Amino acid sequence: MTGNEIQQTAQNLSVLVASAADVCLKPWLHAVVLTDVADVDDQKPGSTPDLTSAKSVDLIVRIECRNREGDRLPEHDLELEIYRSGNDLNLMLTWCELPDRPMLWQGQHPVWMDGNSGQRCQPPEDGAPMESFARRLRALLVLPEQS
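Numbered per UniProt numbering, the sequence shown spans residues 1 to 147.
As structure tokens, this is what we get:
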């Protein structure tokens, strides 16, 4: 992909991620900042990203949070990593400013992990909206198999 094609794909992905965050992580509003694209191939410029058909995917975005008045709430910012492992698309969500909080891995099912050790742990009390966001986002990014 050319730099321009990656930028167009990233913009489409940013809108998709921010919209899903706005729906699931209320009452806040969200903006998405692309922080790292290791590889996203096989995308058509201007198309909705089909990350499951790409041969390889590895990208990281920062999801910035604001209240309805437009004030930044960095304590609610999230980092989202999207990557492929085999045929599966996986998501990793972490709180940017709170590294001691659990992180959420979402593949076929959600797994909460300790932010320091990486060991499996119980979901935080406020983890349900984040799980909902991860499920919604993965469903939007993973297209059903065409027969």
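All C-beta atoms, glycine included, are put in the ideal place defined by N, C-alpha and C.
Computed from a predicted model, the values in this text were never measured in an experiment.
Measure the C-alpha to C-alpha separation of residue i and residue j and round it to an integer number of angstroms.
i           : j      : result
GLN122      : PHE133 : 18 Å
GLY86       : THR94  : 22 Å
ARG72       : ALA18  : 15 Å
ASN116      : GLU81  : 17 Å
residue 169 : ASN67  : What is shown of the chain runs 1 to 147, which leaves residue 169 out entirely.
ARG135      : GLN106 : 7 Å
ASP58       : GLY70  : 30 Å
VAL15       : LEU25  : 15 Å
ARG84       : LEU13  : 16 Å
Quick one: is residue i buried, meaning 16 or more other Cβ sit within 10 Å of its Cβ, or exposed?
i      : result
LEU91  : buried
VAL23  : exposed
GLN119 : exposed
ALA128 : exposed
ALA139 : exposed
LEU141 : buried
SER53  : A caution first: SER53 carries a pLDDT of 47, below 50, which makes its placement in the model unreliable, though a value can still be read off. Its Cβ having fewer than 16 others within 10 Å, SER53 is exposed.
If I measure Cβ to Cβ from residue i and keep anything under 7 Å in the same chain, skipping five residues before and after, which residues do I get?
i      : result
THR35  : ILE60, VAL61, ARG62
VAL33  : VAL61, ARG62, GLU64
PRO110 : LEU104, GLU131, ALA134
MET113 : PRO102, MET103, TRP105, GLN119, ARG120, CYS121
LEU137 : VAL17, ALA20, LEU91
HIS30  : ALA18, ALA21, ASP22, ILE63, GLU64, CYS65
Spatial neighbours of residue i within its chain, please: CB distance less than 8 Å, with the 5 preceding and 5 following residues excluded, ordered by chain position.
i      : result
CYS96  : ARG62, PRO74, ASP77, LEU78, GLU79
ASP100 : GLY115, ASN116
THR2   : Confidence at THR2 is low in this model, with a pLDDT of 44, below 50, so its placement is unreliable and the value that follows should be read with caution. There are no such residues.
Ignore the nearest five residues each way along the sequence and tell me which others in residue i's own chain have a CB closer than 6 Å to its CB.
i           : result
PRO27       : none
residue 205 : Given a span of 1 to 147 for the chain in the structure shown, any question on residue 205 remains unanswerable.
ASP88       : GLY107
Check whether the Cβ of residue i lies closer than 7 Å to any heavy atom of the ligand SAM, and answer yes or no.
i     : result
ARG66 : Ligands in the displayed structure: none, and consequently the ligand SAM is not present.
Checklist entry - Which residue spans inside the region 62-141 form an unbroken beta strand (DSSP E) run of at least 3? => result 78-85, 88-95, 103-106, 110-113
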